[in-house]
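Q:
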Amino acid sequence: HGQMPSKELERIMTDFYHQRFQLLVCTTIIETGIDIPTANTIIINNAQNFGLSQLHQLRGRVGRSHHKAYAYLVIKSRQSITPDAKKRLDAIASLEELGAGFMLANHDLEIRGAGDLLGENQSGKISEIGFNLYHDLLKRTVDAIKNNSKLNLDDSLLKEIEINTGIACVIPQTYLDDVHERLVFYKRISSAKNNDDLKELKIEMIDRFGLLPDSINNLFASTSLRIFAEKIGITKINIFDDMAEITLSKNNNIEPTKIINLIQNSPQIYKLKNQNTLIFNAEMEEDYTRIEKVRALAENLN
15 HGQMPSKELE
25 RIMTDFYHQR
35 FQLLVCTTII
45 ETGIDIPTAN
55 TIIINNAQNF
65 GLSQLHQLRG
75 RVGRSHHKAY
85 AYLVIKSRQS
95 ITPDAKKRLD
105 AIASLEELGA
115 GFMLANHDLE
125 IRGAGDLLGE
135 NQSGKISEIG
145 FNLYHDLLKR
155 TVDAIKNNSK
165 LNLDDSLLKE
175 IEINTGIACV
185 IPQTYLDDVH
195 ERLVFYKRIS
205 SAKNNDDLKE
215 LKIEMIDRFG
225 LLPDSINNLF
235 ASTSLRIFAE
245 KIGITKINIF
255 DDMAEITLSK
265 NNNIEPTKII
275 NLIQNSPQIY
285 KLKNQNTLIF
295 NAEMEEDYTR
305 IEKVRALAEN
315 LN
């Protein structure tokens, strides 16, 4: 442990390295750069109390040569530990291959949170501003300075569009097992500016991983709908089995006369719920076509 005299600590580690004894009981001081090729088993007591990076470093103290190694994480019971501790243990147990450190960092970010990019908190869920929005704001600010133009903080970038499709819109693990790859594709899909970008991503995914399952087709259709909604000033879309609700922003780009004409010409389909919410009455399928149907109806507003 760290309170031992340095000479005694050095002697003990030298003896252990030369196998003068077979069992070393120690604190987490062992995680800092100890390299003993013959060490093949580590038992970590009360593993639920350690962070992901600590567990990863401790586990890395064994298996540093051709010897097969084992890491045992000991806890009292899964019922007695916190949900975050369970997530940490599941993450460390599931990632064993080369390059697992990066994926563990992603898991750690999900569990602890990234903190506040514009404040002092270094952990916890981001409540004020996330990394992607921070990156977009920074880019727009730099562009405004370069172009000597005024930065408009009141545009659609800062207004999140909420779309509830009622169906799964995910990249399933069974289709793409690598968690980092899934995160990359989620980012690329959400960053798409138009349908051409989405089409290129679709082709790439099919080429690399095979035909798209329904949930990914749903994700692409939902993203396409979000791009269109942003363009005309829609802030929220709820899709149900027999209807859809569209909420318009106060500064939308839709001519009021178009809404009036739609309601007058097709009162069985279009209705106003309140000043900013329009209702479409239509039977919705249980796949991505329900999203495309809502888009087709919404395009009548444009």
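In our numbering, the protein residues as written are 15 to 316. Ideal Cβ positions, reconstructed from N, Cα and C, are used throughout, including at glycine.
1. What residues match up with F294 in a beta bridge as DSSP calls it?
2. Counting only the same chain and skipping the five closest in sequence on each side, list residues whose C-beta sits under 7 Å from that of P51.
3. Is it buried or exposed for H15, if we count other Cβ within 10 angstroms and need 16 for buried?
4. Are L69 and I106 close, meaning C-beta to C-beta below 7 Å?
5. By how many angstroms is the C-alpha of Q33 removed from the C-alpha of T42?
6. Tell me where the alpha helix (DSSP H) around V308 begins and ends.
7. Going by other Cβ atoms of all chains shown within 10 Å of its Cβ, with 16 needed for buried, is N232 buried or exposed?
8. In whole angstroms, what separates the C-alpha of I26 from that of G74?
9. Is the stretch 278-288 touching the stretch 230-245 in the sense that three or more CB pairs, one from each, lie closer than 8 Å?
10. Look at the alpha carbon of T261 and the alpha carbon of I248, and state the distance between them as a whole number of angstroms.
11. Return yes when the C-beta of M257 is under 6 Å from any heavy atom of the ligand GDP, and no when it is not.
12. Helix, strand or coil: which one does DSSP assign to N265?
13. Nearest by alpha-carbon distance to G66: which of I220, A99, G47 is it?
14. Does the beta-carbon of S137 have 16 or more other beta-carbons within 10 angstroms, so that it is buried, or is it exposed?
15. Return yes when the Cβ of I246 is within less than 7 Å of the Cβ of I268, no when it is not.
16. Please work out which residues of its chain come closer than 7 Å, Cβ to Cβ, to S170, disregarding the five sequence neighbours upstream and downstream, and give them in chain order.
17. Whole angstroms is fine: what's the gap from D327's alpha carbon to D49's?
18. Confirm, please, whether the CB-CB distance from A83 to N54 is below 7 Å.
19. Are the beta-carbon atoms belonging to E297 and D256 less than 7 Å from one another?
20. Closer than 7 Å by C-beta to P186: which residues in its own chain qualify, once you throw out the five before and the five after it? Chain order, please.
21. For the putative contact between V88 and A61, defined by C-beta atoms under 8 Å, what is the C-beta separation to the nearest angstrom?
22. Taking the C-alpha atoms as reference points, what is the distance between S94 and L37?
23. Report the rounded CA-to-CA distance for A310 versus R222, giving the unit in angstroms.
24. CA-CA distance, F30 and E24?
25. Grab the span of the alpha helix (DSSP H) containing E176 for me, first residue to last.
26. Which term fits V76, buried or exposed, when burial requires 16 or more other beta carbons within 10 angstroms of its beta carbon?
A: In terms of the structure at hand:
1. Position 280 of the sequence shown, counting from 1, holds the residue named residue 294. According to DSSP, F294 bridges with A258, Y284.
2. As a position in the sequence shown, residue 51 is number 37, starting the count at 1. Take P51, set aside five residues on each side of it, and the residues of its chain with a beta-carbon closer than 7 Å to its own are R78, S79, in chain order.
3. Counted from its first residue, the sequence shown places residue 15 at position 1. Counting Cβ neighbours within 10 Å, H15 comes out exposed, since fewer than 16 surround it.
4. Here residue 69 refers to the residue found at position 55 when the sequence shown is read from its first residue. Here residue 106 refers to the residue found at position 92 when the sequence shown is read from its first residue. Yes. Within cutoff.
5. The residue you call residue 42 lines up with position 28 of the sequence shown. The residue you call residue 33 lines up with position 19 of the sequence shown. Those two C-alpha atoms are separated by around 21 Å.
6. Working through the sequence shown from its first residue, we reach residue 308 at position 294. First-last of the alpha helix (DSSP H) with V308: 303-313.
7. On the sequence shown, position 218 is the one that residue 232 refers to. N232 is classed as buried because its beta carbon has at least 16 other beta carbons within 10 Å across all chains shown.
8. Stepping through the sequence shown from its first residue, residue 26 is reached at position 12. Stepping through the sequence shown from its first residue, residue 74 is reached at position 60. One C-alpha to the other measures close to 20 Å.
9. The answer is no - the stretch 278-288 does not touch the stretch 230-245, with fewer than three Cβ pairs under 8 Å.
10. Locating residue 261 in the sequence shown gives position 247, counting from the first residue. Locating residue 248 in the sequence shown gives position 234, counting from the first residue. Cα to Cα, T261 sits roughly 6 Å from I248.
11. This structure simply doesn't include the ligand GDP, nor any ligand for that matter.
12. Sequence index remark: in the sequence shown, residue 265 carries index 251 (1-based). In the displayed model, N265 falls within coil according to three-state DSSP, outside both helix and strand.
13. Here the question's residue 66 lines up with position 52 in the sequence shown. The question names Gly, but residue 66 is Leu in the sequence shown. Of I220, A99, G47, the residue nearest in Cα terms is A99.
14. As a working note, residue 137 is residue 123 in the sequence shown. Reliability fails at S137, whose pLDDT of 49 lies under 50, so the model's placement of it is uncertain and the value that follows must be treated cautiously. Result: exposed.
15. Against the sequence shown, residue 268 aligns to sequence position 254. Against the sequence shown, residue 246 aligns to sequence position 232. Cβ distance < 7 Å, so I268 and I246 count as in contact.
16. The residue you call residue 170 lines up with position 156 of the sequence shown. The predicted model places S170 with a pLDDT of 47, which falls under 50 and marks its position as unreliable, so this point remains unresolved.
17. Only positions 15 to 316 of the chain appear in this structure, which leaves residue 327 out of reach.
18. Here the question's residue 54 lines up with position 40 in the sequence shown. Here the question's residue 83 lines up with position 69 in the sequence shown. In terms of Cβ geometry, N54 and A83 form a close pair [threshold 7 Å].
19. Mapped onto the sequence shown, residue 297 falls at position 283. Mapped onto the sequence shown, residue 256 falls at position 242. Yes, the pair counts as a contact, with Cβ atoms nearer than the cut-off.
20. By one-based count along the sequence shown, residue 186 stands at place 172. Close CB contacts of P186 within its chain, under the 7 Å cut and outside five residues either way in sequence, are with P227, S229 (chain order).
21. To locate residue 88, count along the sequence shown from 1; it is residue 74. To locate residue 61, count along the sequence shown from 1; it is residue 47. That belief holds up - the Cβ atoms of V88 and A61 are roughly 6 Å apart, short of 8 Å.
22. Position 80 of the sequence shown, counting from 1, holds the residue named residue 94. Position 23 of the sequence shown, counting from 1, holds the residue named residue 37. One C-alpha to the other measures close to 29 Å.
23. As a first step, residue 310 is located in the sequence shown; it is residue number 296 there, counting from the start. As a first step, residue 222 is located in the sequence shown; it is residue number 208 there, counting from the start. Roughly 30 Å separates the two Cα atoms.
24. Position 16 of the sequence shown, counted from the start, is the residue given in the question as residue 30. Position 10 of the sequence shown, counted from the start, is the residue given in the question as residue 24. Those two C-alpha atoms are separated by around 10 Å.
25. Against the sequence shown, residue 176 aligns to sequence position 162. Secondary structure note for E176: it is in no alpha helix (DSSP H), and the uninterrupted beta strand (DSSP E) holding it is 176-178.
26. As a working mapping, residue 76 is identified with position 62 in the sequence shown. Per the 10 Å Cβ criterion, buried.
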